[in-house]
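S.K.: Going left to right, the sequence shown walks through residues 1 to 363 as the numbering used here numbers them.
Quick reminder that beta carbons are idealized off the backbone N, C-alpha and C, glycines included.
Let me give you the structure first, and then I'll get to my questions.
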Amino acid sequence: LHTGRSRNDQVATATRMWTMDAATRLDSAVRALQHAMLDKAKTLEDAIMPSYTHLQRSIPILGAHWLLSHFWPLDRDRARLRSARQSAAVLPLGAGAVAGSAYPVSRTLLQGTLGFEAVSANSVDAVSDRDFIAEMLFAATLIATHLSRLAEDLLIYGSSEFGFVKFGERFTSGSSMMPQKRNPDALELARGSAARMLGNLTSLLATLKGLPSSYNKDLQDDKRTLFDAVDTLLLVLPAVAGTLAECDFQTRKMLAACSSSMMATDLADYLVRKGASFREAHGAVGTMIRRAESRGGELSALPFSAFQEAHALFESDVTEALSPDRSVRQREIAGGTGPNAVREQMEKARATLVVIEQKPNVP
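Below is the structure:
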């Protein structure tokens with residue numbers, strides 16, 4: 001049974017087979033989260049909320065548009081998982097300890113029987129190549145990073161200061177001292193897992209960096225980082241999907257957070273459509289913002305005379321430019337936050353999942 005084989009090529013083969021299977025399992029878990037995102041986004045198609053840059057309120061967007069901004073990074077993650085699986089699907093069996101087998105082993109037969117896509121070209125490289133693990137860990141690290149960003153958004157929006165979302169009880173915990181608390185533990189653990197993933201990737205790369213060619217016992221540690229990364233993600237991904245499914249978005253509070261001062265860009269666009277240059281419009285609106293702030297109020301609280309003083313092109317229809325709903329509906333460009341654009345985006349997202357699920361030989 002052991003003729004023509006070595007631990008070196010056997011372990012490499014088994015690790016590659018495990019990685020191929022792990023990529024398939026992770027892909028399914030990521031896809032399940034994407035489906036949960038689309039289901040929740042459907043409920044937020046008409047919900048208007050602030051967008052943020054630098055964590056400062058910017059321009060009104062649809063809630064579905066915000067949530068879908070987390071869908072597409074996961075779509076790229078699935079592409080990386082497929083790439084990592086393909087890198088793992090190269091058969092090292094037959095490389096022996098380092099120089100190849102002295103027996104007439106049919107590596108092509110082994111390749112087909114074991115489900116590999118190619119045969120390794122060099123026996124020395126075959127027993128020491130761990131690039132596929134590095135690729136898998138990189139894919140896992142990016143998945144965890146994207147989960148961390150989603151978790152951070154939800155944690156911020158779920159705080160009392162924002163109040164955009166209420167968390168369900170299944171994925172939260174109470175406090176041992178404070179009866180009013182509902183702590184979003186699952187999201188915090190998901191956020192923390194990204195640091196662990198990065199540590200696994202760095203650990204493997206640091207090990208590989210110091211090795212000479214061919215097999216070295218240091219490579220035994222590669223399984224620890226690989227197994228930990230996959231096992232952790234297979235716990236975190238369903239937890240995030242479950243948390244998101246139970247989130248109760250407070251759409252009235254989301255809309256109420258869209259203050260009239262957020263319409264500054266729309267006011268500038270209003271002046272541009274009337275014939276002003278954008279630089280001129282930007283300056284005029286900036287003057288109005290400062291005036292409103294000095295009064296401790298919003299743009300909508302300024303009298304019409306203040307608009308006319310800022311720029312002669314402001315007319316009585318300027319109040320329409322202060323509407324969050326109008327702001328959203330003006331952005332019907334592909335990939336924008338307009339209602340039709342968002343619906344098209346959701347259809348594209350669902351179609352992408354269906355196409356990938358039906359594509360043969362893809363995890």
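How big is the Cα-Cα spacing for Trp18 and Asp9?
M.R.: 14 Å
S.K.: Which residue's Cα is closest to the Cα of His311: Ala292, Ala281 and Arg329?
M.R.: Ala281
S.K.: So what's Val11 in DSSP terms, helix, strand or just coil?
M.R.: helix
S.K.: Assuming Asp27 and Leu81 are in contact, meaning their beta carbons sit under 8 Å apart, how far apart are those beta carbons, in whole angstroms?
M.R.: A Cβ-Cβ distance of about 5 Å is found for the pair Asp27 and Leu81, placing them in contact under the 8 Å criterion.
S.K.: With DSSP collapsed to three states, give me the class of Tyr103.
M.R.: coil
S.K.: Taking the alpha helix (DSSP H) that Pro73 belongs to, which residues open and close that run?
M.R.: Phe71 to Ala88
S.K.: Residues in the same chain with beta-carbon distance under 7 Å from Pro363, minus the five sequence neighbours each way, listed in chain order, please.
M.R.: For Pro363, the pLDDT reaches just 39, beneath the cut-off of 50, and the residue's location in the model is therefore unreliable, leaving the point undetermined.
S.K.: Report the rounded CA-to-CA distance for Ala341 versus Arg191, giving the unit in angstroms.
M.R.: It is roughly 30 Å from the alpha-carbon of Ala341 to the alpha-carbon of Arg191.
S.K.: Taking a contact to mean a Cβ-Cβ separation below 7 Å, would you say Ile133 touches Asp39 in this structure?
M.R.: no
S.K.: Taking the alpha carbon of Arg273 as the reference point, which residue from Ser259, Ala351, Asp131 and Glu315 has its own alpha carbon closest?
M.R.: Glu315
S.K.: Would a C-beta distance cut-off of 7 Å place Leu237 and Leu74 closer than the cut-off?
M.R.: For Leu237 and Leu74, no; Cβs fall outside 7 Å.
S.K.: Pair every Cβ in the stretch 241-260 with every Cβ in the stretch 44-60, then say whether three or more of these pairs are closer than 8 Å.
M.R.: yes
S.K.: Since Val30 and Arg76 are thought to touch, with beta carbons under 8 Å apart, how far apart are those beta carbons, to the nearest angstrom?
M.R.: Actually they are not in contact, since the Cβ atoms of Val30 and Arg76 sit about 10 Å apart, beyond 8 Å.
S.K.: Check each candidate in Ile48, Gly297 and Ser87 and name the one with the smallest Cα separation from Ala256.
M.R.: The shortest C-alpha separation from Ala256 is found at Ile48.
S.K.: Excluding the 5 residues flanking Ala260 on each side, which residues of the same chain have their C-beta closer than 7 Å to its C-beta?
M.R.: First, the amino acid is wrong: residue 260 is Ser here, not Ala. If we look at Ser260 and ignore the five residues flanking it on each side, its Cβ neighbours are Glu298, Leu299, Ser300 and Leu322.
S.K.: With which residues is Thr248 paired in a DSSP beta bridge?
M.R.: As written in the sequence, residue 248 is Asp, which differs from the Thr given in the question. According to DSSP, Asp248 bridges with Lys166.
S.K.: Candidates Ser106, Ala118 and Gly96: which alpha carbon is nearest Ser87's?
M.R.: Among Ser106, Ala118 and Gly96, the Cα nearest to that of Ser87 belongs to Ala118.
S.K.: Count Cβ pairs between the stretch 150-159 and the stretch 100-112 that sit closer than 8 Å; are there 3 or more?
M.R.: no
S.K.: Which of helix, strand or coil does DSSP assign to Ala118?
M.R.: strand
S.K.: Leaving out five residues before and five after Ala186 in sequence, what residues of the same chain have Cβ atoms less than 6 Å from its Cβ?
M.R.: For Ala186, where only same-chain residues beyond five positions count, the Cβ hits under 6 Å are Phe171, Ala239 and Thr243.
S.K.: Looking at Ile289: is its Cβ nearer than 7 Å to the Cβ of Ala264?
M.R.: Contact: yes.
S.K.: For Arg25, name the three-state secondary structure that DSSP assigns.
M.R.: helix
S.K.: Here's a check: name, in chain order, each residue in its chain whose Cβ is nearer than 8 Å to the Cβ of His146, leaving out the five neighbours to either side.
M.R.: The answer, listed in chain order, is His70, Pro73, Leu74 and Asp77.
S.K.: Pull up the CB-CB distance for Ser6 and Gly96, whole angstroms please, since I reckon it's below 8 Å.
M.R.: 5 Å
S.K.: Sorted by chain position, which residues of the same chain lie with C-beta nearer than 7 Å to Leu110's C-beta, five sequence neighbours on each side aside?
M.R.: Here the set comprises Leu91, Leu93 and Gly94.
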